[in-house]
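Numbering (this note's numbering), first residue to last: 2 to 177.
Backbone N, C-alpha and C fix where the C-beta goes; we use that ideal spot for every residue, glycine too.
Keep in mind that this is a model prediction, so the values were computed, not measured.
In what follows, a structure is listed as structure tokens, so that the remarks can point back to it.
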Amino acid sequence: MKENSFFLGTFLPKVKSVTEKTIDVLSVVLLSGIFVLGIAQVVWRWILKNPIVWSEELIQLTYVWICYLGWAIAERKDAHIRITAIHNMLPKSVQKWVQIFCHILCIIFSVLMIYFGIKLVGAGMKRTAVSIALNYGIVYVMGPVMNFVIICYEIAGLIECFVKGPRDYRDKGGDE
Numbered sequence: 002m003k004e005n006s007f008f009l010g011t012f013l014p015k016v017k018s019v020t021e022k023t024i025d026v027l028s029v030v031l032l033s034g035i036f037v038l039g040i041a042q043v044v045w046r047w048i049l050k051n052p053i054v055w056s057e058e059l060i061q062l063t064y065v066w067i068c069y070l071g072w073a074i075a076e077r078k079d080a081h082i083r084i085t086a087i088h089n090m091l092p093k094s095v096q097k098w099v100q101i102f103c104h105i106l107c108i109i110f111s112v113l114m115i116y117f118g119i120k121l122v123g124a125g126m127k128r129t130a131v132s133i134a135l136n137y138g139i140v141y142v143m144g145p146v147m148n149f150v151i152i153c154y155e156i157a158g159l160i161e162c163f164v165k166g167p168r169d170y171r172d173k174g175g176d177e
């Protein structure tokens, strides 16, 4: 029993905290890098008349990572776009089952994304970027990794829905 309380009480929250901080820091670093590289690309191309050949491709590949990181952040904060007006009019018991159904759909979708993402990583390992020596497998690995994180967030949301009941989305800006 003591091992279980250690796992749930100490280990799991620590892993969650480290994962969230890592995702947040990586998002800021990559977005800042894209911004700086984009500015440098414009300066070198238009002012110095000597374009950075590899910068556009690196920005595009980094953007793939940022999209996955943003998806995980939105999932963690339960901040995805949704139409809640009808949902909020339903009885609480129906709201609970609608939310459970949505969590299960997201888990199924993420499992499929992991399955096909692993295949994409395998195909990407055979290719490198045109202007930089970067293997596409490194870029595509973010898909399966972030979808695993998203599955963990969805399972946590599913458990919360069973234990605490459905979330009330009125506090997130009204009946949008």
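Please classify residue i as buried or exposed, where buried requires at least 16 neighbouring CB atoms within 10 angstroms.
i, result
"Trp98", "exposed"
"Pro52", "exposed"
"Met147", "buried"
"Ala124", "exposed"
"Ile152", "buried"
"Pro145", "buried"
How long is the line joining the alpha carbons of residue i and residue j, rounded to whole angstroms?
i, j, result
"Val37", "Val164", "45 Å"
"Val112", "Ala73", "14 Å"
"Lys17", "Leu49", "46 Å"
"Cys103", "Trp47", "48 Å"
"Gly71", "Ile101", "23 Å"
"Glu21", "Leu13", "12 Å"
"Ile67", "Val43", "21 Å"
"Glu161", "Tyr137", "37 Å"
"Lys15", "Gly34", "28 Å"
"Val54", "Thr129", "16 Å"
"Thr23", "Ala80", "19 Å"
"Met90", "Phe110", "27 Å"
"Gln96", "Ser28", "33 Å"
"Lys127", "Lys78", "36 Å"
For residue i, which of the options has the nearest alpha-carbon?
i, options, result
"Val122", "Val140, Trp47, Ile87, Leu159", "Val140"
"Tyr69", "Leu32, Glu57, Pro92", "Leu32"
"Glu76", "Lys93, Cys162, Val150", "Val150"
"Gly39", "Ile24, Thr63, Asp25", "Thr63"
"Arg168", "Ser94, Val43, Ser18, Leu49", "Ser94"
"Pro92", "Gly138, Gly166, Val43", "Gly166"
"Leu106", "Gly158, Gly71, Tyr137, Met126", "Gly158"
Please check the pair residue i and residue j, which I expect to be a contact at CB under 8 Å, by giving their CB distance rounded to whole angstroms.
i, j, result
"Ile108", "Glu155", "5 Å"
"Val65", "Met143", "7 Å"
Q.
Below 8 Å, how does it come out for the segment 83–96 and the segment 112–119: are there three or more Cβ pairs, yes or no?
A. Contact between the segment 83–96 and the segment 112–119 is absent: fewer than 3 CB-CB pairs across the two stretches fall below 8 Å.
Q) Taking three-plus beta-carbon pairs below 8 Å as touching, is the segment 128–144 in contact with the segment 51–59? A) Yes, the segment 128–144 is in contact with the segment 51–59.
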